[in-house]
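Residue numbers (our numbering): 9 to 148.
Note that beta-carbon positions come from the ideal geometry of N, C-alpha and C, so glycine has one too.
As the structure is a computational prediction, the values presented were derived from the model and not from experiment.
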Amino acid sequence: MADFNKVGALILRGDRILLCRKSRDTSKLILPGGRIEPGETDLDCLGRELREELGDVSMTRVEYVGTYEDRASLDDPGIVKTLRVVLYRGDLGGTPTPRAEIVELVWFGPDSDRGRLTPILLDRILPDLAARKILSWGGP
9 MADFNKVGAL
19 ILRGDRILLC
29 RKSRDTSKLI
39 LPGGRIEPGE
49 TDLDCLGREL
59 REELGDVSMT
69 RVEYVGTYED
79 RASLDDPGIV
89 KTLRVVLYRG
99 DLGGTPTPRA
109 EIVELVWFGP
119 DSDRGRLTPI
129 LLDRILPDLA
139 ARKILSWGGP
C-alpha cells in the first residue's frame, strides 16, 4: 500500500494536458485530483476534487486509464514516501479556473519544461501514455 493514494484526471486539449500548481512554494505541476475521503468512490472523489480545484466544471465520458506508483514529490528530499495515482480520462465541461489551493493551471505540452513535472508524471504516467498512443509525446 502506498503512503499517499490519489485519484487523478487526465484532461487533454489537443496534444496538451491540464496540470496544476498547488503552492507558491513550488514550481512542480501535478494532475488535477486528490485524496479519496472515507465513503467516496474514485469517481465521487474526482468530481469533488475537480470542483474544488477547477471551479464550475464537470468531467464526462470518463474512462479508467491506469494505476501508477512512484516516489512522492515532497519538500524534504530526505523523506521517502510512495504515491499511487488511479488515473481517469475524460472530457472537461466548463472552463477551468484555479480555486482553493491551486495557484496556476498549465496546458502542458511537448514544448513545456519537463523539469516542472513530479516524478510520477515524468517517469511513469507520460511514458505510459506515449507508449499507448494516448499522447504523441511523453516518452523518454
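Legend entry - CB of P135 within 8 Å of CB of R79, strictly: Indexing the sequence shown from 1 puts residue 135 at position 127. Indexing the sequence shown from 1 puts residue 79 at position 71. No, Cβ-Cβ distance for P135 and R79 is not below 8 Å.
Inset, instruction - Determine the direct distance from the alpha carbon of L137 to that of G42, and round the result to whole angstroms. - result: The residue given as residue 42 occupies position 34 in the sequence shown. The residue given as residue 137 occupies position 129 in the sequence shown. Their backbone Cα atoms lie some 20 Å apart in a straight line.
Legend entry - Pick from E61, K30, L100 that is closest to L125, judged by C-alpha positions: The sequence position of residue 125 within the sequence shown is 117, counting from 1. Selected option, being the one with the closest Cα: K30.
Inset, instruction - Could you name the residues of the same chain whose beta carbon sits closer than 6 Å to that of V94, not counting the 5 residues immediately before and after it, in chain order? - result: Looking up residue 94 in the sequence shown gives position 86. So the qualifying residues of the chain are V15, D50, T75.
Legend entry - Where D33 sits in the DSSP three-state scheme: One-based indexing of the sequence shown puts residue 33 at position 25. D33 falls in the coil class under three-state DSSP.
Inset, instruction - Ignoring anything shorter than 3 residues or poking outside the stretch 37-90, list the beta strand (DSSP E) runs there in chain order. - result: 41-43, 66-79
Inset, instruction - Please state whether DSSP places L143 in a helix, a strand or coil. - result: Against the sequence shown, residue 143 aligns to sequence position 135. Collapsing the DSSP output to three states places L143 in coil.
Legend entry - Any beta strand (DSSP E) of 3 or more consecutive residues that is wholly inside the stretch 115-139: none
Legend entry - Collapsed DSSP secondary structure at E109 in the structure displayed: Within the sequence shown, numbered from 1, the residue matching residue 109 stands at position 101. Coil at E109, not helix or strand.
Inset, instruction - Would you list the residues sitting across from G101 in a DSSP beta bridge? - result: Start at 1 with the first residue of the sequence shown, and residue 101 comes out as number 93. As DSSP reads the structure, G101 sits in a beta bridge with S66.
Inset, instruction - Can you give me the Cβ contacts of V111 inside the same chain, cut-off strictly under 8 Å, excluding the 5 residues immediately before and after it? - result: Position 103 of the sequence shown, counted from the first residue, corresponds to residue 111. Contacts found: R29, K30, S31, R32.
Inset, instruction - Can you check DSSP and say which residues form a bridge with A17? - result: To locate residue 17, count along the sequence shown from 1; it is residue 9. Its beta-bridge partners are Y96.
Legend entry - Proximity winner among L130, E77, W145, G22, relative to M9 (alpha-carbon distances): One-based indexing of the sequence shown puts residue 9 at position 1. The candidate whose alpha carbon is nearest that of M9 is E77.
Legend entry - Residue from G123, G102, E60, E109 with nearest C-alpha to K149: What the structure shows of the chain is the stretch from 9 to 148, and residue 149 is not part of that stretch, so it cannot be assessed.
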